[in-house]
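A.B. asks: This structure is in structure tokens; I'll ask about it shortly.
Numbering (our numbering), first residue to last: 813 to 1325.
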């Protein structure tokens, strides 16, 4: 496998598809990473180059996946480590380019598309002497004047120091992205698996190299970043020192970050075609957020039913009294609601256990909070943290799959549970209601594959679990409905056929503006 420095300057494509991956495969396990691995292994007729974008190196350990043979190139880049140790230099900066950036900001403010020539000029100028170099951005008089002007014109709350460093931090990765777009080896098309910084890199590459640019969003990136920012402790807000509730107004700096990620989404949508989501609700969200409806389409996740046949055939005759939550132990999965639900379940059915199955290395503080909650509720013997496990070892031992997430797209784990003969309880987020109750009249006639519950409602979660575990007839009806729904609407073949068509169209047709 080639390293980035050996490939630079090579004009012969190293792969068919360049996958742009932010904070996911192959270093983080989870639903998106599983999907990426499925796409690569399920479409062996295509070769792939992987461009991994992370925050800083200390957030990631070893690779979590063995790369398939059709991965021909891997690059690893950390976006927050490019400027911390730079020494100040005296420079004036290019005022005319900063004026173009102001024009682009006006487009964002007015909800209009940025003119293609202006966008190309700005993208092409990032990191270059005739545009805005990294030193210009960090140290020039033009940059200082630009930031000062925006602060005086728009800023209502924080100190200039907080504003200044926030602007620096959020924009610094753009210079890393520009370097990647200039040095990345040639591919035939690019495919980003989110908006954000990965999507912006896709937009840069499309404008600079005229690549066909495919975007697939699992969750809506801007929505998930809003959730992250609402919970982030690293964002200092003066107003928050006076506030103790979750219902207070979001502070200016948090809003600044949210607007920044919304802009990255719009720039990505402007450059990508097609824009793919996993279900209709997210497609509608993309359109609201700025995507051209004519470029959007829905391609649901799919799974290999054959892989799970043995699990289905070997399910125990009696329903295991175990609730399983398979997912990363992070706030967006709301593990605490699952734990609180387990207290109610165990009060009614003391023999029931709750297993939390998933990586614990992404947010150690949250993991400790969850384990402390288990202790405080006296559930040490009922709730177990099993870490990452092979789902083929875990699913046969479960009686119900439970997702308490506050945000999801179309969770693969529900389809995997269904294919294994396991009913599911899930919060009413993303496509979970469609997966459990059906997406249209024909689908709904199949029946419910479990239960849908409100977000952050441990009582409703517990009631649904008790109802299914104590009512075998209901449990078996849910098992049959989930299996039938997966066979009819969510198979690997359907998904692979669609992406095969998408890739063929990208590789065979010239890019159309």
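No residue lacks a Cβ here, since even glycine has one placed at the ideal position from N, Cα and C.
Is the separation between the beta-carbon of residue 1115 and that of residue 1302 shorter than 8 Å?
C.D. replies: On the chain shown, residue 1115 is found 303 positions in, with the first residue counted as 1. On the chain shown, residue 1302 is found 490 positions in, with the first residue counted as 1. Yes, Cβ-Cβ distance for residue 1115 and residue 1302 is below 8 Å.
A.B. asks: Starting from residue 910, trace the alpha helix (DSSP H) both ways and give me its first and last residue.
C.D. replies: Start at 1 with the first residue of the chain shown, and residue 910 comes out as number 98. Segment 907-921, the alpha helix (DSSP H) holding residue 910.
A.B. asks: Please go through the same chain and pick out, in chain order, the residues whose beta-carbon is closer than 8 Å to the beta-carbon of residue 1112, but skip the five residues on each side of it.
C.D. replies: Counted from its first residue, the chain shown places residue 1112 at position 300. Cβ within range, chain order: 1090, 1091, 1222, 1243, 1301, 1302, 1306 and 1307.
A.B. asks: If you run the structure through DSSP and keep just helix, strand and coil, what is residue 999?
C.D. replies: Along the chain shown, one-based indexing puts residue 999 at 187. Residue 999 falls in the strand class under three-state DSSP.
A.B. asks: Can you tell which of 920, 991, 1018 and 1004 has its C-alpha closest to the C-alpha of residue 1032?
C.D. replies: Along the chain shown, read from residue 1 onward, the residue named residue 1032 stands at position 220. Residue 1004 is the option with its Cα nearest to residue 1032.
A.B. asks: Indicate the three-state DSSP secondary structure (helix, strand or coil) for residue 1054 in the structure shown.
C.D. replies: Here residue 1054 is taken as the residue at index 242 of the chain shown, counted from 1. Note that residue 1054 scores 34 on pLDDT, short of 50, meaning its location in the model is unreliable and no value can be drawn from it.
A.B. asks: Which value, in whole angstroms, describes the spacing of the CA atoms of residue 1292 and residue 1146?
C.D. replies: As a working note, residue 1292 is residue 480 in the chain shown. As a working note, residue 1146 is residue 334 in the chain shown. Between residue 1292 and residue 1146, the C-alpha separation is close to 28 Å.
A.B. asks: At which residues does the beta strand (DSSP E) containing residue 1254 begin and terminate?
C.D. replies: Along the chain shown, one-based indexing puts residue 1254 at 442. Note, residue 1254: premise wrong, no beta strand (DSSP E); alpha helix (DSSP H) at 1253-1256.
A.B. asks: Between the alpha carbons of residue 1295 and residue 834, how many angstroms are there, rounded?
C.D. replies: What you label residue 1295 is simply residue 483 of the chain shown in a count that begins at 1. What you label residue 834 is simply residue 22 of the chain shown in a count that begins at 1. Using only the alpha carbons, I get a separation of about 33 Å.
A.B. asks: Using DSSP with H/G/I as helix, E/B as strand and the rest coil, what is residue 1146?
C.D. replies: Looking up residue 1146 in the chain shown gives position 334. Coil at residue 1146, not helix or strand.
A.B. asks: Near residue 1245, what residues of its chain come up, given a Cβ to Cβ distance below 6 Å and the 5 sequence neighbours on each side ignored?
C.D. replies: Locating residue 1245 in the chain shown gives position 433, counting from the first residue. Once the five neighbours on either side are set aside, the close Cβ partners of residue 1245 are 1264.
A.B. asks: Whole angstroms are fine: how far does the CA of residue 925 sit from the CA of residue 831?
C.D. replies: By 1-based counting over the chain shown, the position of residue 831 is 19. By 1-based counting over the chain shown, the position of residue 925 is 113. Approximately 25 Å between the Cα atoms of the pair.
A.B. asks: When the Cα atoms are used, what is the spatial distance from residue 1198 to residue 1150?
C.D. replies: The residue given as residue 1198 occupies position 386 in the chain shown. The residue given as residue 1150 occupies position 338 in the chain shown. If you take the alpha carbons of residue 1198 and residue 1150, they lie about 15 Å apart.
A.B. asks: With the cut-off set at 8 Å, would you say residue 1135 and residue 1212 are in Cβ contact?
C.D. replies: Counting from one through the chain shown, the residue named residue 1135 turns up at place 323. Counting from one through the chain shown, the residue named residue 1212 turns up at place 400. Yes; because the gap between Cβ atoms is below 8 Å, this pair is in contact.
A.B. asks: Can you find a heavy atom of the ligand FMN that lies under 7 Å from the Cβ of residue 1186?
C.D. replies: As presented, the structure is devoid of all ligands, the ligand FMN included, so that no description of it is given.
A.B. asks: Run through DSSP, which three-state label would residue 1241 get?
C.D. replies: Mapped onto the chain shown, residue 1241 falls at position 429. Coil.
A.B. asks: Which whole-angstrom value describes the C-beta separation of residue 953 and residue 1200, a residue pair presumed to lie in contact below a C-beta threshold of 8 Å?
C.D. replies: By 1-based counting over the chain shown, the position of residue 953 is 141. By 1-based counting over the chain shown, the position of residue 1200 is 388. About 51 Å separates the two Cβ atoms, so there is no contact after all.
A.B. asks: For residue 1220 and residue 1163, I'd like the C-alpha separation in whole angstroms.
C.D. replies: For this step, residue 1220 is matched to residue 408 along the chain shown. For this step, residue 1163 is matched to residue 351 along the chain shown. Spanning the two alpha carbons is a distance of roughly 30 Å.
A.B. asks: Residue 935 to residue 1297, Cα distance in whole Å?
C.D. replies: On the chain shown, residue 935 is found 123 positions in, with the first residue counted as 1. On the chain shown, residue 1297 is found 485 positions in, with the first residue counted as 1. One C-alpha to the other measures close to 45 Å.
A.B. asks: Can you list, in chain order, the stretches of the alpha helix (DSSP H) that have 4 or more residues and sit fully within the region 827-879?
C.D. replies: Qualifying alpha helix (DSSP H) stretches, in chain order: 843-854.
A.B. asks: Taking the C-alpha atoms as reference points, what is the distance between residue 873 and residue 863?
C.D. replies: In the chain shown, counting from the first residue as 1, residue 873 sits at position 61. In the chain shown, counting from the first residue as 1, residue 863 sits at position 51. Computed Cα separation, rounded: 17 Å.
A.B. asks: Which runs of the beta strand (DSSP E) fall wholly inside the region 1123-1190 and span at least 3 residues, in chain order?
C.D. replies: Whole beta strand (DSSP E) segments, 3+ residues: 1134-1138 and 1165-1169.
A.B. asks: By a C-beta neighbour count over all protein chains shown, 10 Å radius and 16 as the cutoff for buried, is residue 922 buried or exposed?
C.D. replies: What you label residue 922 is simply residue 110 of the chain shown in a count that begins at 1. Answer is exposed; the Cβ neighbour count stays below 16.
A.B. asks: Distance, Cα to Cα, residue 1185 vs residue 1314?
C.D. replies: If you number the chain shown from 1, residue 1185 lands on position 373. If you number the chain shown from 1, residue 1314 lands on position 502. Roughly 46 Å separates the two Cα atoms.
A.B. asks: Secondary structure at residue 890, three-state DSSP: helix, strand or coil?
C.D. replies: Walking along the chain shown from the start, residue 890 turns up at place 78. In the structure shown, residue 890 sits in a strand (DSSP, three-state: E or B).
A.B. asks: For the region 1222-1236 against the region 1249-1258, do three or more pairs of beta-carbon atoms, one drawn from each stretch, fall closer than 8 Å, so that the two count as touching?
C.D. replies: Result no; under three Cβ-Cβ pairs closer than 8 Å.
A.B. asks: Of all the options 1030, 990 and 1006, which has the alpha carbon lying nearest to the alpha carbon of residue 1019?
C.D. replies: Along the chain shown, one-based indexing puts residue 1019 at 207. The candidate whose alpha carbon is nearest that of residue 1019 is 990.
A.B. asks: Taking all protein chains shown into account, do 16 or more other C-beta atoms lie within 10 angstroms of the C-beta of residue 901, making it buried, or fewer, making it exposed?
C.D. replies: As a working note, residue 901 is residue 89 in the chain shown. Looking at its Cβ environment, which holds fewer than 16 other Cβ atoms inside 10 Å, residue 901 is exposed.
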